[in-house]
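S.K.: Please see the structure below; I have some questions.
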Amino acid sequence: MEKITKETYLKWYEDMLFWRKFEDKLAAVYIQQKVRGFLHLYNGQEAVLAGALHAMDLTKDRMLTAYRNHVQPIGMGVDPKKVMAELYGKVTGTSKGMGGSMHIFSKEHRFYGGHGIVGGQIPLGAGLAFADKYFKRDSVTLCYMGDGAVRQGSLHESFNLAMLWQLPVVFVCENNGYAMGTSVARTSHSTDIWKLGLGYEMPCGPVDGMDPVTVAKEMSKAIERARSGGGPTFLEMKTYRYRGHSMSDAQHYRTKDEVEEYKKIDPISQVKEVILDKKYATVEELKEIDKEVKKRVSECEKFAEESDYPPVNQLYDVVYDQEDYPFVQHK
Ligand SMILES: Cc1ncc(C[n+]2csc(CCOP(=O)(O)OP(=O)(O)O)c2C)c(N)n1
Ligand SMILES: [Mg+2]
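-3 is the number of the first residue of the sequence shown in the working numbering; add one for each residue after it.
Structure (structure tokens):
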């Protein structure tokens, strides 16, 4: 892993702030009904992404996750304007406005979605890693999932095969405490999710998911293991989401105090503290970054607002079609 330097801290600060403000903007335009459908925001969990990106080789590694998926592709290099346009349903979006919030995808940037079926992406992550091993490529796949996904059969089938075939994959559970409104303790006898790896003799462990330094270090070990032929790892990132599950969530399952407790260990504040402590930047310099971030978010909004909706005939370009199929006669 590259050393964690002053530049890393400043990059983490700017990136995480951008992701946070980008999603705050999404929440605001959602209320204005400019973005519709589901909208699952990542606020609070940013360190899990920032640390992972530091440990990855962004020229060859892959990532996929569930539906809380707006900022990961941005971290992988996708133009945030295109992500925002996708959420607006505009033709300039990552999937020409046909995917929407839960389905951001960019093969070019090795970001493989964006999956709405809980646990559905776990076998796909194993499959991507299988392909890399089969074709003797030294890429590593990071396969993310929520705490609600780990009781799905697909996880257990994937873990077994990933170990059997020693696939170059890192399975990452982002344990944010809840699956919709259901706490981990209400559905699991053992609340140490990372221990699921033990049953498959897969290297595994818990990680402080609010601290990008810890995430980067643990992720780096796992990625190196995978890249050097040592097989999969399962990491449980202990994290927290500040906002509701999606936009319509009255949040009766938790107290405001609980949310406030987690905000005390907010990843952006933690990084900011180090920057000021070590004099990597002054308060004024950080304010400049804040301004720049705000400007970039506004540019994304403007781009999405000014883009067109897809033409109606685009509907037919993305459905399965064959010459002798009798039921679709559109062209
Ligand atoms: C197979 C399946 N079952 C149920 C649902 C409905 N559902 C959508 S999100 C969700 C909770 C998942 O929570 P978690 O995995 O912890 O992810 P988080 O939202 O916390 O990021 C459920 C049950 C679904 N999408 N897919
Ligand atoms: Mg969860």
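Note that beta-carbon positions come from the ideal geometry of N, C-alpha and C, so glycine has one too. From a predicted model like this one, the values you see are computed outputs, not experimental measurements.
By DSSP, does Gly144 sit in helix, in strand, or in coil?
M.R.: helix
S.K.: Ser303 to Gln29, Cα distance in whole Å?
M.R.: 16 Å
S.K.: Tell me which same chain residues have a C-beta within less than 7 Å of the C-beta of Ser216, skipping the five on either side of it?
M.R.: Met(-3) and Ala51
S.K.: Just confirm the distance between the C-beta atoms of Met141 and Gln117, as a whole number of angstroms; I'd bet it's less than 8 Å.
M.R.: About 7 Å separates the CB atoms of Met141 and Gln117; that is less than 8 Å, so the two are in contact.
S.K.: For Asn156, which of helix, strand or coil comes out of DSSP?
M.R.: helix
S.K.: Look at the alpha carbon of Ala23 and the alpha carbon of Trp161, and state the distance between them as a whole number of angstroms.
M.R.: 42 Å
S.K.: State the CB to CB distance for the pair Tyr305 and Val87, rounded to an integer number of angstroms; the pair is presumed to be in contact (CB under 8 Å).
M.R.: 7 Å
S.K.: So, at 7 Å on beta carbons, what are the nonlocal neighbours of Val146 in its own chain, with the 5 sequence-adjacent residues on each side left out?
M.R.: Cys169, Ile189 and Leu192
S.K.: Who are the Cβ neighbours of Tyr196 in its own chain at under 7 Å, not counting the five residues just before and after it?
M.R.: Beyond the five residues adjoining it in sequence on each side, Tyr196 comes within less than 7 Å, by CB distance, of Phe155, Asn156 and Met159 in the same chain, given in chain order.
S.K.: Give me every residue whose Cβ sits closer than 7 Å to any heavy atom of ligand 2, in chain order.
M.R.: Gly142, Asp143, Gly144, Glu170, Asn171, Asn172, Gly173, Tyr174 and Ala175
S.K.: Write down the C-beta distance between Ala125 and Leu151 rounded to the nearest angstrom, noting that I regard them as a contact closer than 8 Å.
M.R.: Rounded, the Cβ-Cβ distance is 15 Å, inconsistent with contact.
S.K.: Look at the Cβ atom of Arg58, then the Cβ atom of Tyr108, and state whether they are nearer than 8 Å.
M.R.: yes
S.K.: Looking at the unbroken alpha helix (DSSP H) that takes in Thr61, where does it start and where does it end?
M.R.: No alpha helix (DSSP H) contains Thr61, which DSSP labels as neither H nor E.
S.K.: Does the beta-carbon of Phe167 have 16 or more other beta-carbons within 10 angstroms, so that it is buried, or is it exposed?
M.R.: buried
S.K.: Strictly by DSSP, which residues pair up with Tyr174?
M.R.: In the DSSP assignment, the residues bridged to Tyr174 are Ser179.
S.K.: When you compare only the Cα positions, how much space is there between Met206 and Met12?
M.R.: In this model, Met206 and Met12 are separated by some 12 Å (Cα to Cα).
S.K.: Pick out whichever of Val211, Thr235, Glu281 and Arg221 has its Cα sitting closest to the Cα of Val136.
M.R.: Arg221
S.K.: Hey, would you say the C-beta of Gly330 is under 7 Å away from at least one heavy atom of ligand 1?
M.R.: Because the chain in this structure spans residues -3 to 327, residue 330 falls outside the shown range and cannot be described.
S.K.: Which residues in the same chain as Lys6 place their Cβ atom closer than 8 Å to its Cβ, once the five residues preceding and following it in sequence are excluded?
M.R.: Checking the displayed sequence, the identity of residue 6 turns out to be Leu instead of Lys. These residues qualify, in order along the chain: Ile271, Tyr276, Ala277 and Ile285.
S.K.: Who are Leu151's beta bridge partners in DSSP?
M.R.: Leu151 is not bridged to any residue.
S.K.: Kindly give me the distance between the Cβ atoms of Val203 and Met233, rounded to whole angstroms, as I take these residues to be in contact under 8 Å.
M.R.: Contact between Val203 and Met233 holds, with the beta-carbon distance rounding to 5 Å and staying under 8 Å.
S.K.: Would the beta-carbon of Val308 be found less than 7 Å away from any heavy atom of ligand 1?
M.R.: no
S.K.: Beta-carbon within less than 7 Å of Glu82's beta-carbon, same chain only, minus the 5 sequence neighbours each way: which residues are those?
M.R.: Gly89, Thr90, Ser91, Gly93, Gly95, Gly96 and Ile100
S.K.: How big is the Cα-Cα spacing for Pro119 and Glu153?
M.R.: 8 Å
S.K.: May I ask you to report which of helix, strand or coil DSSP gives Pro202?
M.R.: strand
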